[in-house]
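To start, the structure itself, in structure tokens.
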Amino acid sequence: MIRLSFEDGTVRIDADGGDDAVLDGLPDVEADPRSGTGRAPAYRYAAIRDALADRGGEVEDRVVADADLTLSTTYELREYQREALSAWREAGERGVIELPTGAGKTVVAIGAMAALSVPTLVVVPTVDLLHQWRRELEAEFDAPIGQFGGGEQRSESITVSTYDSAYLRAEAVGGEFGLAVFDEVHHLGGEGYRDVARLLAAPARMGLTATFERPDGAHEIVADLVGPKVYERSVDDLAGEHLAPYDIRRIEVELTGEEREAYEAAQERFVDYLRNSNLRMDSGSDYQKLVMRSGNDPRAREALLAKQRARDVMMNSDAKVAALADLLDRHRDDRIIVFTAHTDLVYRLSERFLLPAITGETGASERREILERFRAGEYSRVVTANVLDEGVDVPDANVAVVLSGSGSEREFTQRLGRVLRPKADDGRALLYEVVSAETAEERVASRRR
6 MIRLSFEDGT VRIDADGGDD AVLDGLPDVE ADPRSGTGRA PAYRYAAIRD ALADRGGEVE
66 DRVVADADLT LSTTYELREY QREALSAWRE AGERGVIELP TGAGKTVVAI GAMAALSVPT
126 LVVVPTVDLL HQWRRELEAE FDAPIGQFGG GEQRSESITV STYDSAYLRA EAVGGEFGLA
186 VFDEVHHLGG EGYRDVARLL AAPARMGLTA TFERPDGAHE IVADLVGPKV YERSVDDLAG
246 EHLAPYDIRR IEVELTGEER EAYEAAQERF VDYLRNSNLR MDSGSDYQKL VMRSGNDPRA
306 REALLAKQRA RDVMMNSDAK VAALADLLDR HRDDRIIVFT AHTDLVYRLS ERFLLPAITG
366 ETGASERREI LERFRAGEYS RVVTANVLDE GVDVPDANVA VVLSGSGSER EFTQRLGRVL
426 RPKADDGRAL LYEVVSAETA EERVASRRR
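Going by this note's numbering, the sequence shown opens with residue 6, and the numbers climb by one from there.
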């Protein structure tokens, strides 16, 4: 007889007579001399269970708690949502689903929860999404919904948690759930958050994201913890039928003479360091190497500061502000979100154009009030620095203006997704990307397009 149980973020394997030979060949299982048992990280539970099933023999499995759940959903899944759910189930109920913002990833997860009817933990990156998911689940299922985070710590058969709270609670509650849903699953690639998935025993795992691949390659770690990407649809696949048709227009603006001089001087200092240090900027990991060098190399630190100065000049140019003025005038009857990379620019634009501003410094209650007024039509435009890229339920808008950003594919896709919800009048969504000509920003935009 072999007994499996959950203990402090691990799967514990007890064999009659303490026979360590039964541990041979079990995935990631090591002997624990303290308890005379075998142990493995909790996330390897499904693989261990399957390996024992293939081997045959009597197994007492007490890893995941039983619960008498019968869940059903009133959602009518769209064809691509049904395809996504089927692909996930065919992949062993493990894997990542990549769909654009506004395409109904939540609906796919609710379909999975209803299909499996097992205790489920939904993990999300922000408190805003925590409350959004809880409202959705309370409306859909006739069951109490637990919550970890946002001032509450209560476990139920269906529980929603922030990544931060799940990190703190997973070691204790990791055996309570048969399904784990990771919203914005790319966050699991972060060093600390990986333990959320490692400490949960849930054999069924679903990751949701609009942009799975990470520039640092950490999506490969996510694939090991949750499963590989099993289904994807792009914005272009769904635009026109399930998402609003859209246009992207790039506006190139010129730096002033003073801005050009400052940009070229800073950029040349940065490029000169790269040239003499045999360092290339081909990926996010290359940039991290430069950051690490800057800790004990004054030349690397100066190069890093020079890069930041060049970036500040090209992203905050006076011509961009003038271009925004023209766009706000041209689209005075539209609902507009203005995206920037810098908080200082948000406040500058907010003051000049009387735009409601949302930044990382904006309190939760104030942010909710601004978004509610935007949703109700009291505000027709808002300016933000990164905060609305993901993890927030953003009201419908039809025009996005990207004045500055990181240049990453993920960020661009997320911002485009904010204006892609289908329009009542079947109108088109529009995204303006305002870039400084003859700069690194223009080159990045050209490569992406």
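In this text, a Cβ means the ideal position worked out from N, Cα and C, and glycines have one as well.
- Task: Label Asp188 either buried or exposed according to how many other C-beta atoms from any shown protein chain fall within 10 Å of its C-beta, with 16 as the threshold for buried.
- Result: buried
- Nonlocal neighbours in the same chain, by C-beta distance under 6 Å from Asp59, ignoring five residues either side: none
- Message: Cutting at 6 Å between CB atoms, please list the residues of its own chain near Lys110, excluding the five before and the five after it.
- Response: Leu104 and Leu213
- Task: Could you name the residues of the same chain whose beta carbon sits closer than 8 Å to that of Ala45, not counting the 5 residues immediately before and after it, in chain order?
- Result: Thr15, Val16, Ile18, Leu31, Pro32, Asp33, Val34, Glu35 and Ile53
- Task: Pull up the distance between the alpha-carbon of Val439 and that of Ala362, whole angstroms please.
- Result: 19 Å
- Query: Which of helix, strand or coil does DSSP assign to Phe182?
  - Reply: coil
- Just checking my contact of Ser322 with Glu264 at CB under 8 Å: how many whole Å lie between their CB atoms? 6 Å
- Query: DSSP on Thr348, reduced to helix/strand/coil?
  - Reply: helix
- Query: Under a Cβ-count criterion, where at least 16 other Cβ atoms within 10 Å of its own Cβ denotes burial, should Leu184 be classed as buried or exposed?
  - Reply: buried
- Helix, strand or coil for Tyr198, going by three-state DSSP, please let me know. coil
- Task: Go through its chain and collect everything with a Cβ distance to Arg238's Cβ below 6 Å, but skip five positions before and after it.
- Result: Tyr85 and Leu104
- Task: Take the Cβ of Thr79 as the centre, count every other Cβ of all protein chains shown within 10 Å, and call the residue buried at 16 or more, exposed below.
- Result: exposed
- Item | Alpha-carbon to alpha-carbon, Leu204 and Ala89 | 26 Å
- Of the choices Glu81, Gln137, Arg423 and Gly151, whose alpha-carbon is the least far from that of Ala119? Glu81
- Task: Keeping to the same chain, check which residues put their C-beta closer than 6 Å to that of Ala271; ignore five residues upstream and five downstream.
- Result: Ala311, Arg314 and Ala315
- Query: What residue does the beta strand (DSSP E) around Glu237 start on, and which one ends it?
  - Reply: Lys234 to Glu237
- Item | Chain-order list of residues whose beta-carbon lies under 6 Å from that of Arg306 (same chain, five-residue window excluded) | Ser299
- Coil, strand or helix - Ser160 by DSSP: coil
- Query: Do you know offhand how far Gly245's Cα is from Ala434's?
  - Reply: 10 Å
- Item | Inter-residue spacing [alpha-carbon to alpha-carbon] between Val186 and Ser160 | 15 Å
- Starting from the Cα of Met211, find the closest Cα among Leu121, Val132 and Ala369 and give me that residue. Leu121
- Cα-Cα separation between His191 and Tyr384, rounded to whole angstroms: 32 Å
- Could you tell me the distance, in whole angstroms, from the CA atom of Ala1 to the CA atom of Asp71? Any question about residue 1 goes unanswered here, given that the chain covers just 6 to 454.
- Buried versus exposed, by CB contacts within 10 Å (16 or more), Ser170: buried
- Leaving out five residues before and five after Arg489 in sequence, what residues of the same chain have Cβ atoms less than 6 Å from its Cβ? Look at the range of the chain in this structure, 6 to 454, and you will see that residue 489 is not part of it.
- In the structure shown, what three-state DSSP assignment does Met3 receive? As displayed, the chain neither begins before 6 nor continues past 454, which places residue 3 out of reach and without an answer.
- At which residue ranges does the segment 55-121 contain complete beta strand (DSSP E) runs of 3 or more residues, listed in the order of the chain? 64-67 and 99-103
- Query: When burial is assigned at 16 or more other CB atoms within 10 Å of the CB, is Thr75 buried or exposed?
  - Reply: exposed
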